[in-house]
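Here is the structure we will look at, set down as structure tokens.
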Amino acid sequence: MAEPNRRAHSLFPVITLLLTFLCAMAAAQNKNGGPPPKQQLTEPSKTHNAQQVSKPVDPAAEGEKRFEINCGRCHRPPDNISPRISKSILQHMRVRAMLTQEDEYYILKYIAP
Amino acid sequence: MWRTWIRALITLAALNWVAPCKSHAQGETPLISANAGFISTTTGGQTNLQPILNPVVVAPIGSKLLVEGSYEFQGFVARPTPDSPFDAQYFGSLFYLQMDYIVNRHLTFVAGRFLTPFNIYNERFSPIWINPLQNAPLIFGIGTRTSGSSDGAMVRGVVAARSGWEWNYTAFFSAGSSVHQFQSGRAFGTRSGVFFPNIRLEVGASYERFLQNLHNNSTGAYLSWQPNRVPIDITAEYAHSPQGSGYWVEAGYQFKQTNPLGPWMHNLIGIVRVQQFFKGVPQPNDALLNANAQVAEFGFNYFLPKTVRVNASYGRQFSDAGNFNQWTFGVTKRFTFPAIPARNN
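For the protein sequence lines, the chains are A and B, in the order given.
Each residue of the first sequence is one higher than the last, beginning at 1 in this note's numbering.
Each residue of the second sequence is one higher than the last, beginning at 114 in this note's numbering.
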């Protein structure tokens, strides 16, 4: 009984390392999945497909939805954020929660309209 | 080496502070976010009080570069013996002091001192204003030796994302250090997870190779799930190392949909956590129990206005070393403000 257990434990790090290697390789080669250019951040709906352009989203509502999906898994929305630091907070969270620039745009509209 | 690092980070942060940068007017002003808390814990009849202040400084340098640090001032007030008066000790810990370079969503370079990304508790739930139960899980010491922080470099990002899933990764290397405030273990590790945003489920796995003194592996897995229809938050972790292994499962129910006693219950979260630890071969300073143990805990969080939170919990630990009750009560407050005053033009 001990042998299969030991084999399973020795396979686990190998599989995890392999997955990470694949992640890094895929990330390095992923040229089409990058964030939109910075000038498009002001109007992210232009980067969407035609269906989304014809039906514009409410940025604050979309921001609330994205906040709940990404940030709300760990904490509640902050109270009374100063507009002067709103982007700094989002940059801090981009590193932790791996948000896109588009997420950043909409969440900003929600937490600091 | 560390002095050079600290000087470089402080110089960059200071330059950003004093420079009349145009981006500051666009919301990129450096900020201070502080978490203050007071936690009372009674374990087996012995009470200790912990006042905590945890300032976080964030200084962006443009839209790609970020310098951030977190330091905790903590007091520990307890009676050394049951009949003696309370004795207070104060100490500080540097959680992280790191520089982040955001290449894009797929790749962020992090250098400096950072929270060790093993499973999710350390990175996501360890701040006192976030964690629903103030006691760290029994398996917290697995994969996070020696201090919960690492000194070195890390890469992280999203490998690929589609509308229904998102695959993220983190990989790091840490140098061993016994320098005060910069203690870390020599190690490397990785974490990878898949998040399904439509059903709000994330599952992942972690691996860490400890390369200091006794070389060994730590492995882990985690789950985080917030079902769409029910306001419940389920989090779980499993971790294994030669020193021990175990798991914890936590569920938090927010009274959003049922409020028989009034709308004030919307801010109430009831929490249950069960955990189990299996002793391995103990090592010095591994921060793990020396006995098998099971713990069941119940508690609540209540969110008051102005980001004040009150939490309390009761737990019962059943262990080969003895059974005991544990009561905790805490108040936490989080505040965030610009680090430099506004200029009146």
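Note that the Cβ used here is the ideal one computed from N, Cα and C, for glycine as well.
Task: Cut-off 6 Å between Cβ atoms - residues of its own chain near Ser-331 (chain B), not counting five sequence neighbours on either side - done: Indexing the second sequence from 1 puts residue 331 (chain B) at position 218. Excluding five sequence positions before and after Ser-331 (chain B), the CB atoms of its chain that fall closer than 6 Å to its own CB belong to Ile-255, Gly-256, Glu-321 and Ser-354, given in chain order.
Open item on the list: Only counting the same chain, and skipping five residues up and downstream in sequence, which positions put a Cβ closer than 7 Å to that of Ala-273 (chain B)?
Closed with: The sequence position of residue 273 (chain B) within the second sequence is 160, counting from 1. In the same chain as Ala-273 (chain B), and ignoring 5 residues on each side of it, the C-beta atoms closer than 7 Å to its own belong to Trp-280, in chain order.
Task: From B:Thr-221, B:Gly-317, B:Asn-403 and B:Phe-204, residue whose alpha carbon lies closest to that of Met-98 (chain A) - done: Along the first sequence, read from residue 1 onward, the residue named residue 98 (chain A) stands at position 98. Just measuring C-alpha positions, the residue of B:Thr-221, B:Gly-317, B:Asn-403 and B:Phe-204 sitting nearest Met-98 (chain A) is B:Thr-221.
Task: Residue closest to Asn-436 (chain B), alpha-carbon to alpha-carbon, out of B:Tyr-427, B:Val-408, B:Ala-425 and B:Ala-452 - done: As a working mapping, residue 436 (chain B) is identified with position 323 in the second sequence. Measuring from the Cα of Asn-436 (chain B), the nearest candidate turns out to be B:Val-408.
- [ ] Would you kindly work out how many angstroms separate the C-alpha atoms of Ser-206 (chain B) and Gln-296 (chain B), rounded to a whole number?
- [x] On the second sequence, residue 206 (chain B) is found 93 positions in, with the first residue counted as 1. On the second sequence, residue 296 (chain B) is found 183 positions in, with the first residue counted as 1. Distance between the alpha carbons of Ser-206 (chain B) and Gln-296 (chain B): 10 Å.
Open item on the list: According to DSSP, Val-343 (chain B) sits in a beta bridge with which residue or residues?
Closed with: Stepping through the second sequence from its first residue, residue 343 (chain B) is reached at position 230. Answer is none; Val-343 (chain B) lacks a bridge partner.
TODO: Report yes if the CB atom of Ala-318 (chain B) is closer than 8 Å to the CB atom of Gly-333 (chain B), and no otherwise.
DONE: What you label residue 318 (chain B) is simply residue 205 of the second sequence in a count that begins at 1. What you label residue 333 (chain B) is simply residue 220 of the second sequence in a count that begins at 1. In this structure, Gly-333 (chain B) lies closer than 8 Å to Ala-318 (chain B) by Cβ.
Open item on the list: With a threshold of 7 Å on Cβ separation, who are the neighbours of Lys-392 (chain B) within its own chain once the five nearest residues in sequence on each side are excluded?
Closed with: Residue mapping note: residue 392 (chain B) aligns to position 279 of the second sequence, counting from 1. Residues Gly-357, Leu-402, Asn-403, Ala-404 and Asn-405 of the same chain have their beta carbon placed closer than 7 Å to that of Lys-392 (chain B), with the five preceding and five following residues left out of the count.
Task: Nearest-angstrom Cβ-Cβ length linking Ala-224 (chain B) and Ala-266 (chain B), presumed shorter than 8 Å - done: Taking the second sequence and counting its residues from 1, one reaches residue 224 (chain B) at position 111. Taking the second sequence and counting its residues from 1, one reaches residue 266 (chain B) at position 153. With 8 Å as the limit, Ala-224 (chain B) and Ala-266 (chain B) qualify as a contact, their Cβ atoms being about 5 Å apart.
- [ ] Under 7 Å between beta-carbons, which chain A residues line up against Glu-181 (chain B)? List them in chain order, please.
- [x] Reading the second sequence from its first residue, position 68 is the one you call residue 181 (chain B). Those within 7 Å of Glu-181 (chain B) in chain A are His-92.
TODO: Using DSSP bridges, identify the partner residues of Arg-438 (chain B).
DONE: Against the second sequence, residue 438 (chain B) aligns to sequence position 325. According to the sequence shown, residue 438 (chain B) is Asn rather than Arg. Paired residues: B:Arg-429.
Open item on the list: Quick test of the definition: if touching needs 3 or more C-beta pairs under 8 Å, does the region 438–450 of chain B touch the region 240–256 of chain B?
Closed with: Touching, yes.
- [ ] Thinking Arg-386 (chain B) and Glu-363 (chain B) are a contact (beta carbons under 8 Å), I'd like their distance in whole angstroms, please.
- [x] Residue mapping note: residue 386 (chain B) aligns to position 273 of the second sequence, counting from 1. Residue mapping note: residue 363 (chain B) aligns to position 250 of the second sequence, counting from 1. Yes, Arg-386 (chain B) and Glu-363 (chain B) are in contact; Cβ-Cβ is about 4 Å, under 8 Å.
Open item on the list: Please return the same chain residues whose Cβ sits closer than 6 Å to the Cβ of Ile-382 (chain B), not counting the five positions on each side in sequence.
Closed with: Start at 1 with the first residue of the second sequence, and residue 382 (chain B) comes out as number 269. The answer, listed in chain order, is Gly-365, Gln-367 and Asn-414.
Task: Spatial neighbours of Gly-359 (chain B) in its chain, beta-carbon cut-off 7 Å, leaving aside the 5 residues before and after - done: One-based indexing of the second sequence puts residue 359 (chain B) at position 246. The answer, listed in chain order, is Leu-251, Ile-252, Ala-352, Gln-388, Gln-389, Phe-390 and Phe-391.
TODO: Have a look at B:Ile-215, B:Phe-186, B:Thr-160 and B:Glu-181 and flag the residue whose alpha-carbon is nearest the alpha-carbon of Pro-193 (chain B).
DONE: If you number the second sequence from 1, residue 193 (chain B) lands on position 80. From the listed residues B:Ile-215, B:Phe-186, B:Thr-160 and B:Glu-181, the smallest Cα separation to Pro-193 (chain B) is found for B:Thr-160.
Open item on the list: Measuring only the C-alpha atoms, how far is Phe-199 (chain B) from Tyr-105 (chain A)?
Closed with: Here residue 199 (chain B) refers to the residue found at position 86 of the second sequence. Here residue 105 (chain A) refers to the residue found at position 105 of the first sequence. Across the structure, Phe-199 (chain B) and Tyr-105 (chain A) are spaced so that their CA atoms are roughly 51 Å apart.
Open item on the list: With a threshold of 8 Å between beta-carbons, can Lys-446 (chain B) be considered close to chain A, or not?
Closed with: Counted from its first residue, the second sequence places residue 446 (chain B) at position 333. Not closer than 8 Å to any Cβ of chain A, the Cβ of Lys-446 (chain B) fails to qualify, so no.
Open item on the list: Along the chain, where does the alpha helix (DSSP H) containing Arg-529 (chain B) start, and where does it finish?
Closed with: This structure does not reach residue 529 (chain B), given that chain B is present from 114 up to 458, and the question cannot be answered.
TODO: Would you mind telling me which residues of chain A sit closer than 7 Å to Asn-281 (chain B), beta carbon to beta carbon, in chain order?
DONE: In the second sequence, the residue the question calls residue 281 (chain B) occupies position 168. Residues of chain A whose Cβ lies closer than 7 Å to the Cβ of Asn-281 (chain B) are, in chain order, Met-98.
TODO: Pick out whichever of B:Phe-189, B:Pro-168 and B:Gly-188 has its Cα sitting closest to the Cα of Tyr-209 (chain B).
DONE: Taking the first residue of the second sequence as position 1, residue 209 (chain B) is located at position 96. Nearest option by C-alpha distance: B:Pro-168.
Task: Extent of the continuous alpha helix (DSSP H) to which Val-95 (chain A) belongs - done: One-based indexing of the first sequence puts residue 95 (chain A) at position 95. Per DSSP, Val-95 (chain A) belongs to the alpha helix (DSSP H) from 86–97.
Task: Min CB distance Pro-310 (chain B) to chain A below 8 Å - done: Along the second sequence, read from residue 1 onward, the residue named residue 310 (chain B) stands at position 197. It does: the Cβ of Pro-310 (chain B) has a partner Cβ on chain A nearer than 8 Å.
TODO: State yes or no: is the beta carbon of Gln-39 (chain A) nearer than 8 Å to at least one beta carbon in chain B?
DONE: In the first sequence, the residue the question calls residue 39 (chain A) occupies position 39. Because Gln-39 (chain A) sits at a pLDDT of 37, beneath the cut-off of 50, its placement in the model cannot be relied upon, and the following sentence gives the value as read from the coordinates. Judged by the 8 Å Cβ criterion, Gln-39 (chain A) is not in contact with chain B.
Task: Beta-carbon contacts of Val-394 (chain B) that lie in its chain and below 7 Å, excluding the five residues immediately before and after - done: Along the second sequence, read from residue 1 onward, the residue named residue 394 (chain B) stands at position 281. Contacts found: Pro-355 and Gln-356.
Open item on the list: Please confirm whether Arg-313 (chain B) has its beta-carbon closer than 8 Å to some beta-carbon of chain A.
Closed with: Against the second sequence, residue 313 (chain B) aligns to sequence position 200. It does: the Cβ of Arg-313 (chain B) has a partner Cβ on chain A nearer than 8 Å.
- [ ] State buried or exposed for His-328 (chain B), treating a residue as buried only when at least 16 other CB atoms are found within 10 Å of its CB.
- [x] Taking the first residue of the second sequence as 1, we reach residue 328 (chain B) at position 215. Label assigned to His-328 (chain B): exposed.
Task: Identity of the residue in B:Trp-278, B:Leu-246, B:Leu-324 and B:Gln-439 nearest Thr-259 (chain B) by Cα - done: In the second sequence, counting from the first residue as 1, residue 259 (chain B) sits at position 146. For Thr-259 (chain B), the nearest C-alpha among the options comes from B:Leu-324.
Open item on the list: Going by the DSSP bridge assignment, what does Trp-103 (chain B) pair with across the sheet?
Closed with: Not covered by the structure: residue 103 (chain B). The range shown for chain B is 114 to 458.
- [ ] Kindly identify the DSSP beta-bridge partner or partners of Ala-191 (chain B).
- [x] Residue mapping note: residue 191 (chain B) aligns to position 78 of the second sequence, counting from 1. Ala-191 (chain B) is bridged to B:Asn-161 and B:Asp-200.
Open item on the list: Once the 5 residues before and after Ile-165 (chain B) are set aside, which same chain residues still bring their CB inside 8 Å of it?
Closed with: Within the second sequence, residue 165 (chain B) is the residue found at index 52, counting from 1. Leaving aside the five residues that flank Ile-165 (chain B) on each side, the residues in its chain whose CB is nearer than 8 Å to its CB run, in chain order, Asn-148, Ala-149, Gly-150, Phe-151, Ile-152, Glu-185, Phe-186, Gln-187, Gly-188 and Ile-241.
Task: In DSSP terms, what Phe-186 (chain B) is bridged to - done: Numbered from its first residue, the second sequence carries residue 186 (chain B) at position 73. For Phe-186 (chain B), DSSP records a beta bridge to B:Leu-166 and B:Gly-205.
Open item on the list: Here's the rule I'm using: 16 or more other beta-carbon atoms within 10 Å means buried, otherwise exposed. How should Arg-456 (chain B) be labelled?
Closed with: By one-based count along the second sequence, residue 456 (chain B) stands at place 343. With fewer than 16 other CB atoms across the displayed protein chains lying within 10 angstroms of its CB, Arg-456 (chain B) is exposed.
Open item on the list: Applying the 10 Å Cβ sphere with the 16-neighbour rule, what's the burial state of His-293 (chain B)?
Closed with: Counting from 1 along the second sequence, the entry for residue 293 (chain B) is found at position 180. Answer is exposed; the Cβ neighbour count stays below 16.
TODO: Take Phe-227 (chain B) and list the residues in its own chain whose beta-carbon comes closer than 7 Å to its own, dropping the five residues that flank it on each side.
DONE: What you label residue 227 (chain B) is simply residue 114 of the second sequence in a count that begins at 1. Closer than 7 Å at the Cβ level, and outside the excluded window around Phe-227 (chain B), lie Tyr-209, Gln-211, Ser-262, Ser-263 and Met-267.
Open item on the list: Taking beta-carbon pairs under 8 Å, can you tell me which members of the region 71–83 of chain A lie near chain B?
Closed with: For the region 71–83 of chain A, which is checked against every Cβ of chain B, the residues closer than 8 Å are Gly-72, Arg-73, Cys-74, His-75, Arg-76, Pro-78, Asp-79, Ile-81, Ser-82 and Pro-83.
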